[in-house]
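Heads up: the protein sequence lines correspond to chains Y and H, in order.
Residue 1 is where the first sequence starts when you use full-length UniProt numbering, and the numbers rise one by one after that.
Residue 1 is where the second sequence starts when you use full-length UniProt numbering, and the numbers rise one by one after that.
Quick reminder that beta carbons are idealized off the backbone N, C-alpha and C, glycines included.
Everything below concerns the one structure shown next.
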Amino acid sequence: MARDATARSGGRGRGGGDAATYELDEIDEKIIATLRQSGRIANRDLARIVDVNEATVRTRLRRLEESDSVRVVAMRDLAAMGFECLAAVGIQVKGRSAADVGHDLAQLDEVVTVNVSIGTHDVEAQVVARDLADLDRLLTHVIAHVPGVEKIVPGLALKVLKYTPDWAPL
Amino acid sequence: MSKGVALDEIDHKIIERLGIDARVSNREIGRELGLTEGTIRSRLKRLFDNRVIRVAAITNTSRLRNPILAYLWIEANSASDIEDMAAALAKVPEIGFVATMLGRADVLAMTLVENGNELTDFLHQTVDRIPGVRRVRYSLGQNFIKHDFRWCALVD
Numbered sequence: 001m002a003r004d005a006t007a008r009s010g011g012r013g014r015g016g017g018d019a020a021t022y023e024l025d026e027i028d029e030k031i032i033a034t035l036r037q038s039g040r041i042a043n044r045d046l047a048r049i050v051d052v053n054e055a056t057v058r059t060r061l062r063r064l065e066e067s068d069s070v071r072v073v074a075m076r077d078l079a080a081m082g083f084e085c086l087a088a089v090g091i092q093v094k095g096r097s098a099a100d101v102g103h104d105l106a107q108l109d110e111v112v113t114v115n116v117s118i119g120t121h122d123v124e125a126q127v128v129a130r131d132l133a134d135l136d137r138l139l140t141h142v143i144a145h146v147p148g149v150e151k152i153v154p155g156l157a158l159k160v161l162k163y164t165p166d167w168a169p170l
Numbered sequence: 001m002s003k004g005v006a007l008d009e010i011d012h013k014i015i016e017r018l019g020i021d022a023r024v025s026n027r028e029i030g031r032e033l034g035l036t037e038g039t040i041r042s043r044l045k046r047l048f049d050n051r052v053i054r055v056a057a058i059t060n061t062s063r064l065r066n067p068i069l070a071y072l073w074i075e076a077n078s079a080s081d082i083e084d085m086a087a088a089l090a091k092v093p094e095i096g097f098v099a100t101m102l103g104r105a106d107v108l109a110m111t112l113v114e115n116g117n118e119l120t121d122f123l124h125q126t127v128d129r130i131p132g133v134r135r136v137r138y139s140l141g142q143n144f145i146k147h148d149f150r151w152c153a154l155v156d
């Protein structure tokens, strides 16, 4: 999710992951901010905006990619790809660990996000489906039968006003 | 959202390729798929113009200390507040997802936080001040087991 319009937090959080092996400096931050606006911008134009030479941009981009700090990718619109339904599904687990159930759910293509959660439910998942019949199949006939799933509490997104995940585990 | 655009096998291949790395040049995609650079360029223009895809720079959450996906289940003061409240939530830069809901809440919003204090501050200083917000329940999604970042909704 977009915590910030720029990648400011990237420089601050040297957290535990593999990607955070070096500090992003101001040039990296500018490159990332520009790529957020215009992902397929030519290196030459990127260099002009960030005010460094093209070789520097190339080097920086390679380093950002190789360290898995940032990836520039195409994101697909759910509706345009034929998925009319997006549901947030809370799951209560019994007899198995929430993480194990989460890992099983993660195997399903229609499950786009899975977290072990703190709150009323043990697992929170986001799922997509082509239509209501497809959603019924997924919830009632597939997810309900994953071992350890005791109760499913789904909410269907009526209208998605914003869905721009700019952060992700890479 | 663009529902009426028919996508053929070539479109899907281009989308798949850009889903791995969107910095790849048109010429390179063309070479890989055995098509001309011009074909790729016009295909991509159609995909972008019809809002089938968008290109984004995704930052790795491992750069955050302890990424927590906060699900904010928001109840409106009255049903007539839902529409404007959702629109106002969508304008908050820190919020990456907003939808009106059938079940669980009037509106679901999601944000990424690094700790409880950050969430508390965000709830009190930002979310609670949005007109129409009566009550916010939250669940905290820890340790991402899966997040397919290639999905989004291209809304106006």
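Nearest in C-alpha terms to H:ARG23, of all of Y:ASP131, Y:VAL114, Y:VAL57, is Y:VAL57. Among the residues of chain H, none has a CB under 9 angstroms from the CB of Y:TYR22; the nearest is roughly 10 angstroms distant.
Positions of the beta strand (DSSP E) runs, each at least 3 residues long and wholly inside the UniProt domain "HTH asnC-type" (7-72) of chain H, are given as 53-60 in order along the chain. Shown here, H:ILE82 sits in a helix according to DSSP, grouped into three states.
In the displayed model, Y:ALA87 falls within a strand according to three-state DSSP. Buried is the label assigned to H:TYR71, since at least 16 other Cβ atoms lie within 10 Å of its Cβ. Under a 10 Å Cβ-count criterion, Y:THR140 is classified as exposed, with fewer than 16 other Cβ atoms of the shown protein chains found around its own Cβ. H:GLY141 has a beta carbon lying within less than 7 angstroms of a beta carbon in chain Y. Cβ neighbours of H:ASP11 within its own chain (closer than 7 angstroms, five residues either side excluded): ARG43, LEU47.
Comparing alpha carbon positions, the residue from Y:ALA99, Y:ILE27, Y:ALA88 closest to Y:ALA129 is Y:ALA88. For H:GLY116, the uninterrupted alpha helix (DSSP H) segment begins and ends at 116-122.
Any Cβ of chain H closer than 7 angstroms to the Cβ of Y:ILE32 would place that residue at the interface, and such an atom is present. Sequence-distant Cβ neighbours of H:VAL113 in its own chain, meaning closer than 7 angstroms and more than five residues away, are ILE68, ALA70, LEU119, PHE122.
Looking from the CA of H:ALA88, the closest CA among H:GLU28, H:SER25, H:PRO131, H:GLU37 belongs to H:PRO131.
For H:LEU112, the uninterrupted beta strand (DSSP E) segment begins and ends at 107-113. Counting only residues of its own chain and dropping the five nearest sequence neighbours on each side, H:VAL5 has a CB closer than 7 angstroms to the CB of ASN50, VAL52.
The C-alpha of Y:GLU26 lies about 40 angstroms from the C-alpha of Y:LEU108.
Listed along chain H, the residues sitting closer than 7 angstroms to Y:THR120 by beta-carbon distance are SER139. Each residue's CA atom was taken as its position, placing H:ARG137 and H:ALA56 some 30 angstroms apart. Y:ALA133 sits in a helix when the DSSP states are folded into three classes. Nearest in C-alpha terms to Y:VAL146, of all of Y:LEU78, Y:SER67, Y:ASP45, Y:GLY95, is Y:GLY95. At a cut-off of 7 angstroms between C-beta atoms, Y:THR59 does not count as an interface residue with respect to chain H. Taking 7 angstroms as the CB threshold, Y:ASP134 stays off the interface with chain H. For H:MET85, the closest C-alpha among the options H:ARG54, H:VAL127, H:THR59 is that of H:VAL127.
A direct Cα-to-Cα measurement between Y:GLY90 and Y:GLY148 gives close to 13 angstroms. Rounded to the nearest angstrom, the gap between the Cα atoms of Y:VAL112 and Y:ASP45 is 34 angstroms. The residue among H:VAL92, H:VAL98, H:TRP73, H:ASP148 with its C-alpha nearest the C-alpha of H:GLN125 is H:VAL92. At a cut-off of 7 angstroms, the C-beta of H:MET101 has a neighbouring C-beta in chain Y. When 9 angstroms is used as the limit between beta carbons, H:GLY19 is near these residues of chain Y: VAL73, ALA74, MET75, ARG76, in chain order.
Secondary structure at Y:ASP25: coil, using DSSP grouped into helix, strand and coil. Separation of Y:GLU29 and H:PHE97 (C-alpha to C-alpha, rounded to the nearest whole angstrom) is 23 angstroms.
The alpha carbon of Y:ASP104 has as its nearest neighbour, out of Y:VAL142, Y:ILE118, Y:LEU86, Y:ALA80, the alpha carbon of Y:VAL142.
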